[in-house]
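Residue numbers (my numbering): 1 to 409. These notes are about the structure you will find just below.
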Amino acid sequence: MDSKGTKLQEVLSKLDGFQMAKLSHYAHLHNSVKLPYASEVEEILENTSSRKDNRVAESTVPQQLYMFKDFFDIPFPEPDQPKFTFIDLFAGIGGFRIAMQNLGGRCVFSSEWDEQAKKTYFANFGEVPFGDITKEETKACIPDGFDVLCAGFPCQAFSLAGKRLGFEETRGTLFFDVAEIIKRKRPKAFFLENVKGLMIHDKGRTLKTILSVLRNELNYFVPEPQIVNAMNFGVPQHRERIYFIGFRKDLNITEFSYPLPTDTTKRFIDIREENEVPSKYYLSTTYQNTLIAHKKRHESKGHGFGYEIIPDDGVANAIVVGGMGRERNIVIDNRLTDYTPTTRIKGEINKDGWRKMTPREWARLQGFPDEFLITVADASAYKQFGNSVAVPAIQATGKQLLQRLIKNV
Numbered sequence: 001m002d003s004k005g006t007k008l009q010e011v012l013s014k015l016d017g018f019q020m021a022k023l024s025h026y027a028h029l030h031n032s033v034k035l036p037y038a039s040e041v042e043e044i045l046e047n048t049s050s051r052k053d054n055r056v057a058e059s060t061v062p063q064q065l066y067m068f069k070d071f072f073d074i075p076f077p078e079p080d081q082p083k084f085t086f087i088d089l090f091a092g093i094g095g096f097r098i099a100m101q102n103l104g105g106r107c108v109f110s111s112e113w114d115e116q117a118k119k120t121y122f123a124n125f126g127e128v129p130f131g132d133i134t135k136e137e138t139k140a141c142i143p144d145g146f147d148v149l150c151a152g153f154p155c156q157a158f159s160l161a162g163k164r165l166g167f168e169e170t171r172g173t174l175f176f177d178v179a180e181i182i183k184r185k186r187p188k189a190f191f192l193e194n195v196k197g198l199m200i201h202d203k204g205r206t207l208k209t210i211l212s213v214l215r216n217e218l219n220y221f222v223p224e225p226q227i228v229n230a231m232n233f234g235v236p237q238h239r240e241r242i243y244f245i246g247f248r249k250d251l252n253i254t255e256f257s258y259p260l261p262t263d264t265t266k267r268f269i270d271i272r273e274e275n276e277v278p279s280k281y282y283l284s285t286t287y288q289n290t291l292i293a294h295k296k297r298h299e300s301k302g303h304g305f306g307y308e309i310i311p312d313d314g315v316a317n318a319i320v321v322g323g324m325g326r327e328r329n330i331v332i333d334n335r336l337t338d339y340t341p342t343t344r345i346k347g348e349i350n351k352d353g354w355r356k357m358t359p360r361e362w363a364r365l366q367g368f369p370d371e372f373l374i375t376v377a378d379a380s381a382y383k384q385f386g387n388s389v390a391v392p393a394i395q396a397t398g399k400q401l402l403q404r405l406i407k408n409v
């Protein structure tokens, strides 16, 4: 390794995750966006090397950035000539980002607290997301002037008894942090996603609070939120989520229509693994028998709980974090030729073809293209895709948003 490479490793070894987030964002954005932390990153880069390189000197990117190959050798680079800018809050593994980039957007800030999700995000977009968005130091890194705020924020209980259902009553919830950023930055529009249950959470009072804050206190035009099902947009998964769209009132946008279904024809066979699936995804006889007995117990009580087998011509249930997400989406695949276990199991591999879906199949159920890199262990991959948004449904809704917004961008 030459002296420049040695110096680089010395510098990188001293950077924490927060600094790596700044450095990786700066690498992609320094030519187009005024970044609050630019001077700090430039000082880091100055410490890596002072040697000139004629090849990179002609580039608009500082020569030191070319030493960070992983920032640029990625499957999902930003568009060369973006039509709008957006930020990606509660980014997960980048479902919102893929959809909005497909529509011509440039992401100017991302944040995600889960370390494993950050690894996946970095592998695919070349940026380390900033961390906990509830912290002021994270909020301070958001640039001014972006067009759209995107957030799949988690639902938390609000304490509303005897309250006036206003902005301050959301403090302590993650919605408060989203609202606070909207209040500070005044983006032209926002696109929020949450679980279907938010519609009836706390007898509807939570939804009432959110809409009151967005409409009355933040002064955005917010049409009635709508539940959108991913299975209507080209993926074979029954996944219902509530979407919120909002436009800053000074833009005089006063109407919005959620997208109509674009493709309801997809079935599991359309996203099934093309080749034989490894034996580790097949259920053991012990596990299979446990599931069967569990379902019989609930059926005897008149309950519908338990495993479910998705036929090749069927549509998957919503994939969620935890064992139930896999147990409600068992498939029968008789292509296995080697029944030798490759992991520790109780009993033998079942001969009925029962297996759980693979992480790649879950990725496809969420509309992620096959170029999307899965760089983490299966357990983390299932969690990440289970928590993600469905890309095609987000993209279809984002397209509707931009049809109203783009003339004002």
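Quick reminder that beta carbons are idealized off the backbone N, C-alpha and C, glycines included.
In the same chain as Q226, and ignoring 5 residues on each side of it, the C-beta atoms closer than 8 Å to its own belong to I242, Y243, Y258, in chain order. Residue ranges of uninterrupted beta strand (DSSP E) with 3 or more members, entirely inside the segment 171-219 and ordered along the chain, are 189-195. Burial state of N275 is exposed, judged by a 10 Å Cβ sphere holding fewer than 16 other Cβ atoms. For W354, the pairing in a beta bridge is given by DSSP as I332.
C-alpha of K183 to C-alpha of I271: approximately 41 Å in a straight line. Annotated as proximal: F71 and H28, with beta-carbon spacing under 9 Å.
In the pairwise beta carbon analysis, the segment 91-111 is classified as touching the segment 385-401: at least three pairs are separated by under 8 Å.
For the 9 Å CB-CB criterion, F84 and V178 do not form a contact. The residues T120, P359, R360, A363, A381, in chain order, have a CB closer than 8 Å to that of I374 in the same chain once the five nearest residues on each side in sequence are set aside. 9 Å or more divides the Cβ of P187 from the Cβ of R106. Rounded to the nearest whole angstrom, the CA to CA distance from N124 to S24 is 13 Å. Residue state for N229 is assigned as strand, using DSSP reduced to three classes. By the Cβ-count criterion, Q288 is buried, with 16 or more other Cβ atoms from all chains shown falling within 10 Å of its own Cβ.
In this chain, the beta strand (DSSP E) harbouring T85 covers 84-89.
In this structure, the alpha-carbon of W354 lies about 25 Å from that of F368.
Secondary structure note for E327: its alpha helix (DSSP H) is the uninterrupted segment 323-327. Selection D202, A390, E42, V33 evaluated against G145 yields V33 as nearest (Cα-Cα).
With contacts defined as CB atoms closer than 9 Å, F190 and A390 fail to qualify as a contacting pair. For I269, the enclosing alpha helix (DSSP H) stretches over residues 268-271.
Taken through DSSP and simplified to helix, strand or coil, R241 comes out as strand. I253 is the residue among I292, N317, I253 whose C-alpha sits nearest the C-alpha of Q400. Per the DSSP secondary-structure output, I309 pairs in a beta bridge with I330. The beta-bridge partner set that DSSP reports for I349 consists of S284. Here V389 carries a coil assignment [DSSP, helix/strand/coil].
The Cβ atoms of I142 and F175 lie no closer than 9 Å to each other. Within the segment 104-167, the alpha helix (DSSP H) runs of at least 4 residues that lie entirely inside it are, in chain order, 115-125, 136-139. With fewer than 16 other beta carbons inside 10 angstroms of its own, R297 counts as exposed.
When the beta-carbon positions are compared, V228 and T397 come within less than 9 Å of each other. When the Cα atoms are used, E136 and E180 turn out to be separated by approximately 11 Å. Taking all protein chains in view, the Cβ of E193 is crowded by 16 or more other Cβ atoms within 10 Å, so the residue is classified as buried. Here the alpha carbon of T340 sits roughly 28 Å from the alpha carbon of L365. Contact check for K196 and E240: beta-carbon distance about 5 Å, within the 8 Å limit, so the pair qualifies. Taking L214 as reference, the option from E273, I200, K203, I245 with the minimal CA-CA separation is I245.
Annotation: K266 to A393 spans about 14 Å, alpha carbon to alpha carbon. At a Cβ-Cβ threshold of 9 Å, C150 and L207 do not count as neighbours. Residue environment analysis places E40 among the exposed positions, since fewer than 16 neighbouring C-beta atoms fall within 10 angstroms of its C-beta.
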